[in-house]
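Peer 1: Residue numbers (my numbering): 18 to 559. Ideal Cβ positions, reconstructed from N, Cα and C, are used throughout, including at glycine. My questions all concern the structure below.
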Amino acid sequence: MTQSQEWLNLAKQHRAAGRLAAAEMACKQGLEKHKNQPQLLHFLSMVLYDMKRPQEALEALDKALAINNSVISYHNNRAVILYELGLFHEAELALHRAIVLDSRNANAYNNLGNVQRALKKWGEAETHFRKAISFNPDYAEAYNNLGLVLREIGQLDEAEQAFRIACDLNGSYLDALYNLSTMLIFKGSQLEAEEILNRTLELDPTYVSSYRSLFRLFEDQGRIYDAYQIVNRGLEHVPQNHDMLFLQRQLYSAHSPSWVTKEIHDDEWTECFEKALAKAIIPGAKIIEFGAGSGLKSMLAAKFGASQIVSCEPNIFVAEKVSEIVKNNGFEGLISIHNKTLTEVTLGEEVKELSDLLLWQPSYSGLTPPQTFLALRYAQKKLLKSGAQIIPNGYNVYAILVECPLKSLISYPINRIAGFDLSPLNAFSDPHYDFLHEQGCTYLSEPFPIFSFDHETIESVTGRKKIIIDGLASGTCHGVVLWFDVVFDAQTYYSIYDVTQRVWREQLIQFFEHPFSVTEKGEVSLEIRWDEKGFYVKHQDT
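So, in structure tokens, the structure goes:
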């Protein structure tokens, strides 16, 4: 064995053991004694490429080729480095030289196809992948690459078949399995795609592409909890991966209420809760909370002496983050967060004894749906002591007739546009409310109440009533602006009637399908309806 071969063998041993720096050193020490040894130069190039130093790898390989340009692997590996550097045309030329040296080399044809795929030479790429397969029928990578080209040119059935063959040849070929799954999703075979994606994660729990695809699949199918689980599973295996963290942010922002982060900036809202809690809580009080929000209410309750706080939060994403907040602030043993709605909480399970106080979270953006008050009624009967206080203990909804022509034009309804009837698009309009983002509406009436709740009397969760109000000014009524007032206790009150004083609040507007005329001091007959989901105002003459 020659001395240069000894250095080469030593370098190979280091590389096989993952000691790349030692492999580089062995190559360079060998080259000090054997400067024109192409095998050492070639192997040094491979080591440098492994070390993410492609430019140095190319320089070493060019030296080897200058000494001996008749070795096909030198040209093949040079093309791989050029491809890594984005020099696709140069890589293509290098592979043509390799094929001249060996016209039956399947690896060279596969690499050439990859380069041509990058150059969008679809026809040539397909030809060369098929040549690679003809010389090596068990070449799974070539079948996978062929599938990618066939997918690009729209031959979807043929692409699926190529991916399946690649997977049959190598059942642990992650990229081929993933590509097959994406093709199946595109063609509507979601169940098989899901099975394949789960198989890739069994093979490699750090394969981020599969987490990403499963997340999209679950989102499209409305399987939000499954999407939540797959994101958490991914973060267990790749905790700092940018893609996984992005998916988590996307999931949480899409499926948790935006007011959770808005309410913490409303100092008056927080002060109202703080004042009411300071007066209501006695040391050792047992508290139930409906709607964890930001976790602030329960931590304030703990600060004022509560001995046990059971907080139920139906949104799993909010529940998870509030649990983290509670733990970070040292209240883990005092405050328990349950991913449940209030009506799922039972005495003897989550709540060990009847409670002294119930905290609840009015909807911060928009109107609290009446079904919330049904849950409060349940708590009064099943979970609270007789005479227990509820905070807030009052909630009132008001409305006012408005003329708002500009807003109504861009909201509802849609009729004729550019001479064409587009009214069927009204089916996509929200039948409830829109946010009133700008000023410019003219009030046509005084404010009038449409719904009221307090801790002693709760209106029916569904109902209707007719009212007659007087016009304040003459004009065309396009809709009603709605807002709420919250009564925390007898001395603590919060209203969003004047939104200019509420930076984080927006009033709602409900448009009438048919605007109507209002005259000063003229009577307007309205029907107020409410159900589990919301409130509606209807003009009686429409």
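By a C-beta neighbour count over all protein chains shown, 10 Å radius and 16 as the cutoff for buried, is alanine 33 buried or exposed?
Peer 2: Flag for alanine 33 reads exposed.
Peer 1: Which word fits asparagine 53, buried or exposed, when buried means at least 16 other C-beta atoms lie within 10 angstroms of its C-beta?
Peer 2: That one is exposed.
Peer 1: Taking 9 Å as the threshold (C-beta atoms), are alanine 416 and proline 386 in contact?
Peer 2: No, these two residues do not count as a Cβ contact at 9 Å.
Peer 1: Starting from the Cα of valine 117, find the closest Cα among Ala183, Gly103, Ile89 and give me that residue.
Peer 2: With distances taken between Cα atoms, valine 117 lies closest to Ile89.
Peer 1: If you pair each beta-carbon of the segment 244 to 256 with each one of the segment 221 to 233, do three or more pairs fall below 8 Å?
Peer 2: Flag = yes, the segment 244 to 256 and the segment 221 to 233 touch.
Peer 1: If you pair each beta-carbon of the segment 315 to 332 with each one of the segment 362 to 373, do three or more pairs fall below 8 Å?
Peer 2: Contact between the segment 315 to 332 and the segment 362 to 373 is present, because at least three Cβ pairs lie under 8 Å.
Peer 1: Roughly how many angstroms separate the alpha carbons of glutamate 107 and arginine 266, rounded to a whole number?
Peer 2: Their backbone Cα atoms lie some 41 Å apart in a straight line.
Peer 1: Specify the secondary structure class of histidine 113 as computed by DSSP and reduced to three states.
Peer 2: Reduced to three states, the DSSP call for histidine 113 is helix.
Peer 1: Taking 8 Å as the threshold, find out whether the segment 345 to 355 comes into contact with the segment 309 to 322 through three or more Cβ pairs.
Peer 2: Yes: at least three Cβ pairs fall under 8 Å.
Peer 1: Classify proline 409 as buried or exposed, calling it buried when 16 or more other Cβ atoms lie within 10 Å of its own Cβ.
Peer 2: Classification of proline 409: buried, given that the 10 Å Cβ count is 16 or more.
Peer 1: Should glutamine 133 go down as buried or exposed, given a rule of 16 or more other Cβ atoms within 10 Å for buried?
Peer 2: Buried is the call here.
Peer 1: Would leucine 400 pass as a contact of alanine 323 if the rule is Cβ separation under 9 Å?
Peer 2: Contact: no.
Peer 1: Roughly how many angstroms separate the alpha carbons of leucine 194 and alanine 40, rounded to a whole number?
Peer 2: The alpha-carbon atoms of leucine 194 and alanine 40 are separated by roughly 34 Å.
Peer 1: Would you list the residues sitting across from glutamine 325 in a DSSP beta bridge?
Peer 2: Beta-bridge pairing links glutamine 325 to Lys303.
Peer 1: With a Cβ-Cβ cutoff of 9 Å, do leucine 167 and glutamate 141 count as a contact?
Peer 2: No; because the gap between Cβ atoms is not below 9 Å, this pair is not in contact.
Peer 1: What residues in its chain sit with their C-beta under 8 Å from that of glutamate 366, if we drop five residues either side in the sequence?
Peer 2: Within the same chain, glutamate 366 has no close Cβ partners at all.
Peer 1: Could you check whether leucine 37 and proline 71 sit closer than 9 Å to each other, using their CB atoms as the reference points?
Peer 2: Result no, Cβ atoms of proline 71 and leucine 37 do not sit closer than 9 Å.
Peer 1: Could you compute how far the alpha carbon of glutamine 557 sits from the alpha carbon of alanine 392?
Peer 2: Glutamine 557 and alanine 392: Cα-Cα distance of roughly 32 Å.
Peer 1: Measure the C-alpha to C-alpha separation of threonine 278 and alanine 318 and round it to an integer number of angstroms.
Peer 2: If I take the Cα positions, the gap works out to 20 Å.
Peer 1: Quick check: the segment 525 to 540 against the segment 489 to 500, are there 3 or more CB pairs under 8 Å?
Peer 2: Counting Cβ pairs under 8 Å, three or more are found: they touch.
Peer 1: Express the C-alpha separation of asparagine 196 and asparagine 124 in angstroms, rounding to a whole number.
Peer 2: Looking at the two C-alpha atoms, the distance is approximately 21 Å.
Peer 1: Between which two residues does the beta strand (DSSP E) carrying cysteine 494 extend?
Peer 2: 492 to 506 is the extent of the beta strand (DSSP E) around cysteine 494.
Peer 1: In the DSSP assignment, what are the bridge partners of asparagine 413?
Peer 2: According to DSSP, which records beta bridges pairwise, asparagine 413 is partnered with Ser469, Asp502.
Peer 1: Should isoleucine 485 be labelled buried (16 or more other beta-carbon atoms within 10 Å of its own) or exposed?
Peer 2: Isoleucine 485 is exposed by the Cβ-count criterion.
Peer 1: Hey, would you say phenylalanine 437 sits closer than 9 Å to tryptophan 547, going by beta carbons?
Peer 2: Result no, Cβ atoms of phenylalanine 437 and tryptophan 547 do not sit closer than 9 Å.
Peer 1: Can you grab the Cα-Cα spacing for the pair aspartate 284 / alanine 244, in whole Å?
Peer 2: Looking at the two C-alpha atoms, the distance is approximately 35 Å.
Peer 1: Would you call tyrosine 66 buried or exposed, if buried means 16 or more other Cβ atoms sit within 10 Å of its Cβ?
Peer 2: By the neighbour-count rule (16 or more Cβ atoms within 10 Å), tyrosine 66 is buried.
Peer 1: Taking Cβ to Cβ, would you say valine 335 is nearer than 9 Å to leucine 418?
Peer 2: The answer is no: Cβ separation not under 9 Å.
Peer 1: Curious, which full-length alpha helix (DSSP H) runs of at least 4 residues does the segment 252 to 325 contain?
Peer 2: DSSP runs (the alpha helix (DSSP H)) wholly in the segment 252 to 325: 259 to 272, 276 to 279, 284 to 297, 313 to 320.
Peer 1: Going by CA-CA distance only, name the one from Ile342, Phe533, Leu112, Thr199 that's closest to glutamate 420.
Peer 2: Selected option, being the one with the closest Cα: Phe533.
Peer 1: Excluding the 5 residues preceding and the 5 following glutamate 349 in the sequence, name in chain order all residues of the same chain whose CB lies nearer than 7 Å to its CB.
Peer 2: Cβ within range, chain order: Val343.
Peer 1: Within the continuous alpha helix (DSSP H) that includes arginine 394, where are the two ends?
Peer 2: Arginine 394 -> alpha helix (DSSP H) spans 388 to 399.
Peer 1: Report the option in Ile333, Ala297, Glu337 whose CA atom is closest to the CA atom of lysine 13.
Peer 2: In the structure as shown, the chain starts at 18 and stops at 559, and residue 13 therefore has no counterpart that could be examined.
Peer 1: Going by DSSP in three states, phenylalanine 529 sits in which element: helix, strand or coil?
Peer 2: Of the three classes helix, strand and coil, the one that applies to phenylalanine 529 here is strand, per DSSP.
Peer 1: Straight-line CA distance for isoleucine 182 to alanine 176?
Peer 2: Between isoleucine 182 and alanine 176, the C-alpha separation is close to 10 Å.
Peer 1: Enumerate, from N- to C-terminal direction, the unbroken alpha helix (DSSP H) stretches of 4 or more residues contained entirely within the segment 200 to 242.
Peer 2: 207 to 220, 225 to 237, all fully within the segment 200 to 242.
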